[in-house]
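Residue numbers (this note's numbering): 884 to 1342. A virtual CB, placed ideally from N, CA and C, is assigned to each residue, including glycine.
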Amino acid sequence: MLTLWCPSAASMESAKHAPVSPVLPSYEQEQHLHAFHACEQRHEAMARLLVVVWDEPGRCDLRAMTHVVTAHLRRHDTYHSWFEERGGAIVRHVLTDPTVIQMEPRTLGEVRAEDWQRHVMATPHPFAWDCFRFGILQHDRGFTCFASIDHLHADATVIAFLMAEIRSAYRAVLDGEGPLQLGPPGSYLDYCASQRQRAAAMTLADPEVKRWIAFLHRNGGRMPSFALPLGVLEDRYHAEYVHLDILDDAVMDAFESACHAAGARAIGGLLACAALTERGLAGRSRYSVVTPTTTRRSPKAFRTTGWCVGVVPIDFDVQQRAFPELALTAQRNFDERLSLAEVPIELVLELAAGLPTVGSVATGGVMLSFMDVNVPPLSAHIAREWHQANGRVYINQGIAAQVAIWLFRTPRGLSLTAAYPANETARASMHRYVKAFAGACRQAAEALMPTYSDAGREQ
């Protein structure tokens, strides 16, 4: 039995009349909206939805869940905005009174899996205020909760927290405990205003901008390229995805120990393994990639739904160096350049317009992302809840503009999800890459786990 929560007609009417705000969209939001508009003009689907799914026991109390979902949307001010394009510029409208937001349940009856997917994919586009949907699938063993939110309002850092907030608030309402005291979230509007204020003061003379431009120059004026053939020449392509577990928990523990022995953390070790993979498969003597990281810097910020992500430019010589030296080099590279994540690449390209050594767009390239759900801000407690609730995340298929590799450290070990062009050449390349990357990680782990058996190698 499928039930969806959508804004009431009165809420939609209030949003339609929301006044224009002087707060510009964040650079992340602006790039996303322009990209969606470009897809729309080409009649292409865009990979834009974050779909968070988890399981709950029993029969869902629809009145309680209505209260919880409504409170969630009122609590986080990113949902109070909607955007329109005027003469090429993005204009923000903001609901000044969040109490006008009221969600209403709509029960659609029994559905098949493809029907549920169709309803999720029908989540309104990012220029619509209500580009979010919440729902449940009731079945005999309990019910499955889901939230489909346009990337405009969420990033990977808040996925597990979103689940924890909604399920904790729902249980508090059922138990008669009154409103759950989660601690006040930060303001995403304040984040956007602060980001734009810093950006307005930056020039080509700023050290961070110079370092970004030097990085782009070393990559031929654009973002780094993937090491293997992808079967496409353009930056935009229809993407497909692969997901697999590459290290179990015990082997991942050994891998992290190998990183620590080298003076690095897991991110440094994983970057080293990616560098070794490219050297082995393509003979590259220099590794180059961008890796995203949260730009949240306070407990309030980590309770804030919104898109707060920057990218760190990574590049270093590989030559014939072994894992320990490369892990330390990669870690130092990451740590020394972490502040560059506060400088949006779109801003760098604005400032560098006209420079012959820098291209005009930030699309294309390759990204490697790592998230450890066992440490703050997610914490082992939320990670355990996520695991127990069978939490999972989906991204709708569509046009993408880069090869993306996401690595997740969970209580089960290390998993990998990759997006790449949907063609045979790219599929074969990604298969080779993933196999070699997993092998490099296992080899690093074996250095501190000599009893690791051949049987354990099979993933």
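With distance defined between alpha-carbon atoms, name the residue in Met948, His1270 and Gly1248 nearest to Gly1104.
Gly1248
Can you name the start and end residues of the alpha helix (DSSP H) that Leu1045 belongs to?
Ile1042 to Leu1057
Which residues share a DSSP beta bridge with Ser904?
Arg975
Between Pro988 and Thr886, which are expected to be in contact by the criterion C-beta below 8 Å, what is the C-beta distance as a whole number of angstroms?
5 Å
Can you tell which of Asp1200, Val1125 and Ala1149 has the C-alpha that lies nearest to the C-alpha of Leu1299?
Val1125
Go through the stretch 956-1013 residue by residue and report every complete run of the beta strand (DSSP E) that reaches 3 residues or more, in order.
964-969, 972-977 and 986-992
According to DSSP, simplified to helix, strand and coil, what is Gly1242?
coil
Do you know offhand how far Ser1140's Cα is from Phe1291's?
17 Å
Nearest candidate by alpha-carbon position, reference Ala1272, set Arg1016, Phe1026, Arg957 and Gly1114
Phe1026
Can you list, in chain order, the stretches of the alpha helix (DSSP H) that have 4 or more residues and sit fully within the stretch 1176-1235?
1206-1220 and 1228-1234
State the beta-bridge partners of Gln1021 as determined by DSSP.
Phe1026
Three-way DSSP call (helix, strand, coil) for Met1106 in this model
coil
Mapping the DSSP letters down to three states, classify Glu1123 as helix, strand or coil.
strand
Tell me the rounded alpha-carbon separation between Ala1055 and Asn1257.
25 Å
CA nearest to the CA of Leu1297, picked from Gln1203, Gln1021, Ile1150 and Ala1005
Ile1150
CA-to-CA distance, Asp1198 to Val1231, given in whole angstroms:
18 Å
Do you know whose CA, among Thr1240, Glu993 and Leu1035, lies nearest Phe1098's CA?
Thr1240
What runs of the beta strand (DSSP E), each 3 residues or longer, lie entirely inside the stretch 1135-1178?
1169-1177
Please classify Gln1166 as buried or exposed, where buried requires at least 16 other C-beta atoms within 10 Å of its C-beta.
First, the residue type needs correcting, since residue 1166 is Gly and not Gln in the sequence shown. Classification for Gly1166: exposed.
Using the C-alpha atoms, what's the distance from Gln1021 back to Met884?
5 Å
Between which two residues does the alpha helix (DSSP H) harbouring Arg1315 extend?
Glu1307 to Glu1329
Should the stretch 904-916 be called in touch with the stretch 1186-1198, which here means at least 3 C-beta pairs below 8 Å?
yes
Quick one: give me the first and last residue of the alpha helix (DSSP H) that Ser897 is part of.
Ala892 to Lys899
Whole-angstrom distance between Asp944 and Met1085, CA atom to CA atom:
51 Å
Determine the closest residue to Arg975 out of Ala1011, Asp1033, His959 and Ala996, with distance taken between C-alpha atoms.
Ala1011
Taking the alpha-carbon positions, what's the Thr1380 to Ser964 distance?
As shown, the chain starts at 884 and ends at 1342. That puts residue 1380 outside it, with no answer to give.
N- and C-terminal bounds of the beta strand (DSSP E) containing Ser909
Counting along the chain, Ser909 falls outside any beta strand (DSSP E), and DSSP gives it neither H nor E.
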